[in-house]
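The numbers in my numbering rise by one with no breaks, and the one at position 96 of the sequence shown is 146. Comments concern the structure below.
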Amino acid sequence: MAIKLDDKKAIVAEVQQAATGALSAVVADARGVTVDKITSLRKQARANGVWMRVVRNTLARRAVQGTSFECLSETFVGPTLIAFSTEHPGAAARLFKDFAKEEKLFELKGAAFNGETVSIDVLATLPTYEEALARLMSTMKEAAAGKLVRTIAAVREQKEQQAA
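So, in structure tokens, the structure goes:
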């Protein structure tokens, strides 16, 4: 189906706008996946702050030119489903990785973060803001507990020396 020039320009502008406000991007091939499954994936994407669209490769290449996702241009081969994470860098990667486990025909092509291509697995394992805070707090709690134990041991040693 032929797309008119104005429609192409609108698609490129829409993808560029999504790319400029995004933290990361993931590219996949959804060939063979049913429409119902893709529809449920789109719902999950919207709920997780992920912008997602099927884009023609030439339009996708033009849309990412001059953005930090230009490094993904070589992955735009075959049917391209591109997703941009707007709230958390790992949201799209985590969503696509989980979907690929369920759907064997869903092929992950590549991901980008901070202007560089990265492994989808690495991007998917990035902790969310809440998880990072929880890890920081547990580390601080352990450090504080360790310092308390060392302080009590030092006081005990000091009292033992005074008693001797």
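All C-beta atoms in this analysis are idealised placements derived from N, C-alpha and C, irrespective of residue type, glycine included.
{"Item": "Following the continuous beta strand (DSSP E) through residue 157, name the residue where it begins and the one where it ends.", "Value": "157 to 163"}
{"Item": "Taking residue 175 as the reference, which of 182, 189, 144 has the closest Cα?", "Value": "144"}
{"Item": "Compare the Cα-Cα distances from residue 98 to each of 116, 66, 133 and report the closest residue.", "Value": "133"}
{"Item": "So residue 122 and residue 79 are supposed to be a Cβ contact under 8 Å. How far apart are they, rounded?", "Value": "With a Cβ gap of about 13 Å, residue 122 and residue 79 do not count as contacting."}
{"Item": "Decide if the segment 148 to 156 is in contact with the segment 102 to 122; the criterion is three or more beta carbon pairs, one per stretch, under 8 Å apart.", "Value": "no"}
{"Item": "Checking the sheet assignment: what are the DSSP bridge partners for residue 74?", "Value": "135, 163"}
{"Item": "What residues in its chain sit with their C-beta under 7 Å from that of residue 157, if we drop five residues either side in the sequence?", "Value": "78, 79"}
{"Item": "Hey, residue 82 and residue 125: beta-carbon distance below 8 Å or not?", "Value": "no"}
{"Item": "Let me confirm a value: residue 65 is counted as buried when at least 16 other C-beta atoms fall within 10 Å, else exposed. Which label applies?", "Value": "buried"}
{"Item": "Just how far apart, CA to CA, sit residue 188 and residue 195?", "Value": "10 Å"}
{"Item": "Check residue 106 in the structure and name its three-state DSSP category.", "Value": "coil"}
{"Item": "Residue 186 to residue 197, Cα distance in whole Å?", "Value": "16 Å"}
{"Item": "Go ahead and label residue 135 buried or exposed: buried means 16 or more other beta carbons lie within 10 angstroms of its beta carbon, across all protein chains shown.", "Value": "buried"}
{"Item": "For the alpha helix (DSSP H) holding residue 206, just list the boundary residues, first then last.", "Value": "179 to 213"}
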